[in-house]
Amino acid sequence: MRNDTFYTFDLDGTVSMEELLPLMARELDLEMELGLLTRLTLDGTLSFEASFRLRFHILRSIPVETVQRISAGVPLHPAIEAFITANRKRCAVVTGNLDVWARPFIERLGCAFHTSTSAIENGQLTLKTVLDKGEAIRGIARTHKRIVAVGDSFNDMSMFEEADIGVAYGGVHDPVQQLVRTADYVVYDGDALCRLLNTL
Amino acid sequence: MPPVEYVIIAAAGRGKRLGRGMPKCLVPVNGIPVINYLLFLVRDIPSVRLVIGYCEDDVIRHVRGIKRDVIFVRNPNFRHTTTLQSFFLAGRGLDSPVLCVDGDMIIEQNSFAAFLAQCGEKTLVGVSSEISEDPVYAYTEGQGESLSVTGFGRERPATYEWANMALIPPSWLAFEQTHFYEKLEHYLPLAAVPIRRVEIDTPPDLAAANALLQQDAAYCPHIGALQA
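As structure tokens, this is what we get:
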């Protein structure tokens, strides 16, 4: 492993072995509706930002404590979790997910997190910013020379475009084809992913 | 510790001379795709990197169904790069000897096992006494365990030909438009081990490989374990 390499990871379906938003949708019995939004986002009909804003408005009625209880129960891939915690100063999670929803992951992994942000206004959860993953990588690049990005979804494209090395990872579901087309490596097994990362 | 930690299989090319629509590594020999034979042979090597290019989606779909922990290394410029360049792309960042194997051949399993048994920290070149249609000869000295390659060439016939397989330090790999064996010429003499293998370059090669595998059940007898 080169000591000038910094590793950035998508969260849902990459570090985590289940995606958080569908689990939250289950709480409101809205899995089908959220699933439709996800499909429209994956096929490029909706931008990630528009999709996330819609999903936020649907899901924000769930108390934050409930969401955090759900996210605390989401399993992480053991080898990827071990890689991040062993190299936490050289790793960051870059996720479009919301800061308060992702908090249990932040606490568990102990590395830097770049998320969409929220605030409580008039007692209600409000979406402040939707993360631009490319912008997040550009920020990290100001202090790190060589960046590896690991992801699986269409919204990881901008991360790959700004990173030096892109790894499309299909741990939970297949990486989208557009991402594979811009990747340097394609991996489907978490242990193999970590073996690869240790050589980058 | 396994004798080899890393193997790179180059399977990016189209296989123009074979004239099939599918990538050469997926062409069936005796009913089984070529890549299955290689994946079976390297099953105990911890890290397998497969360089992909032509019809990469088809290759990924097939290979991950057999061996999920393969690391796919993309070579989108496969039309204009050499096998050496594919090996280089996959070998970046490695720091211990790597076994580089061309993905268009079927290697007899006992001779592959004998090759692996001689792998250690040293370098090792595969040679073959079965001379193909368009050979690159390997000029050798010594016999048995002291067999070594002293040169390569196409002109003067020899007992052995270059078998497109070598265990080398990854630092020898380079992004150069030359043949792999030409790169090895800088490091001669190199220890060599004979292997039995059939290359699948042309339709006659394919026919010969089909016939060989139908006749010689011992060539790769446990291959069934890896069939998708």
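Going down the list, the protein sequences come from chains A and B. Numbering follows numbering that gives the first Met the number 0, in which position 3 of the first sequence is assigned residue number 2; successive positions increment by one, without gaps. Numbering follows numbering that gives the first Met the number 0, in which position 23 of the second sequence is assigned residue number 22; successive positions increment by one, without gaps. Backbone N, C-alpha and C define an ideal beta-carbon position, used for all residues, glycine too. Computed from a prediction, not measured in an experiment: that's the story for all the values here.
- Excluding its 5 nearest sequence neighbours in each direction, R13 of chain B has C-beta neighbours in its own chain below 6 Å: Y53, listed in chain order.
- Along the stretch 94-108 of chain B, going in chain order, the ones with a CB nearer than 8 Å to a CB of chain A are D94.
- For R145 of chain A, the enclosing beta strand (DSSP E) starts and ends at R145 to G150.
- When the five nearest sequence neighbours on each side are left out, the beta carbons in the same chain lying within less than 8 Å of the beta carbon of I61 of chain A are those of M23, E26 and L27, in order along the chain.
- Within the stretch 171-183 of chain A, the residues whose Cβ lies closer than 7 Å to any Cβ of chain B are, in chain order, A182 and D183.
- A182 of chain A and P169 of chain B have their alpha carbons spaced roughly 22 Å apart.
- For secondary structure counted as the beta strand (DSSP E) over 3 or more consecutive residues, the stretch 91-152 of chain B holds these complete runs in sequence order: 97-101, 104-106, 123-127, 136-140 and 147-152.
- Taking a 10 Å sphere around the C-beta of T44 of chain A, we find fewer than 16 other C-beta atoms and assign the residue as exposed.
- Note on geometry: alpha-carbon atoms of L88 of chain B and V63 of chain A lie some 46 Å from one another.
- The residues I51 and F71, in chain order, have a CB closer than 8 Å to that of I59 of chain B in the same chain once the five nearest residues on each side in sequence are set aside.
- Taking 9 Å as the CB threshold, R52 of chain A stays off the interface with chain B.
- In this structure, A137 of chain B keeps its C-beta atom at 9 Å or more from the C-beta atom of W171 of chain B.
- Linking P96 of chain B to F86 of chain B through their CA atoms gives a straight-line distance of about 13 Å.
- For Y159 of chain B, same chain residues with a beta-carbon under 6 Å away, outside a window of 5 residues either side, are V126, S128, A137 and T139 in chain order.
- CA-CA distance, L108 of chain A to D98 of chain A, rounds to 14 Å.
- The beta carbons of G119 of chain B and P2 of chain B sit about 6 Å from each other, so the pair counts as a contact at 8 Å.
- By the neighbour-count definition (other C-beta atoms within 10 Å, threshold 16), E120 of chain A is an exposed residue.
- Taking the beta carbon of L41 of chain A as reference, no residue of chain B falls within 9 Å; the closest one sits roughly 17 Å away.
- Beta-carbon to beta-carbon, I105 of chain A and F5 of chain A are separated by about 18 Å, too far to satisfy the 8 Å threshold.
- Shown in chain order are the members of the stretch 40-51 of chain B whose Cβ falls below 7 Å from a Cβ of chain A: S46.
- In this structure, T114 of chain A places its C-beta atom within 9 Å of the C-beta atom of N96 of chain A.
- By the criterion of at least three beta-carbon pairs nearer than 8 Å, the stretch 171-181 of chain B is not in contact with the stretch 104-119 of chain B.
- At a cut-off of 9 Å, the C-beta of D57 of chain B has no neighbouring C-beta in chain A.
- Partner residues in a beta bridge of I105 of chain A, as assigned by DSSP, do not exist.
- For A191 of chain A, the nearest CB of chain B lies under 9 Å from its own CB, placing it at the interface with that chain.
- One alpha carbon belongs to I139 of chain A, the other to P203 of chain B, and they sit about 55 Å apart.
- One thing to note: A118 of chain A has its Cβ no nearer than 9 Å to the Cβ of C193 of chain A.
- By DSSP's assignment, A191 of chain B forms a beta bridge with B:V124.
- For a cut-off of 8 Å, the C-beta gap from Q117 of chain B to V192 of chain B is around 5 Å, short enough to register as a contact.
- Among the CB atoms of chain A, none fall inside 9 Å of the CB of F111 of chain B.
- Shortest Cα-Cα distance from T128 of chain A to any of A:V93, A:A162, A:T116 and A:V149 involves A:T116.
- For Q123 of chain A, the enclosing beta strand (DSSP E) stretches over residues Q123 to T128.
- Excluding five sequence positions before and after R59 of chain A, the CB atoms of its chain that fall closer than 6 Å to its own CB belong to L124, given in chain order.
- Distance from the CA of A210 of chain B to the CA of P32 of chain B, rounded to the nearest whole angstrom, comes to 15 Å.
- Within its own chain, the residues whose Cβ lies closer than 6 Å to the Cβ of A78 of chain A, once the five positions on either side in sequence are excluded, are G189, D190 and C193, listed in chain order.
- For the pair Y187 of chain A and L195 of chain A, the CB atoms are not nearer than the 9 Å cut-off.
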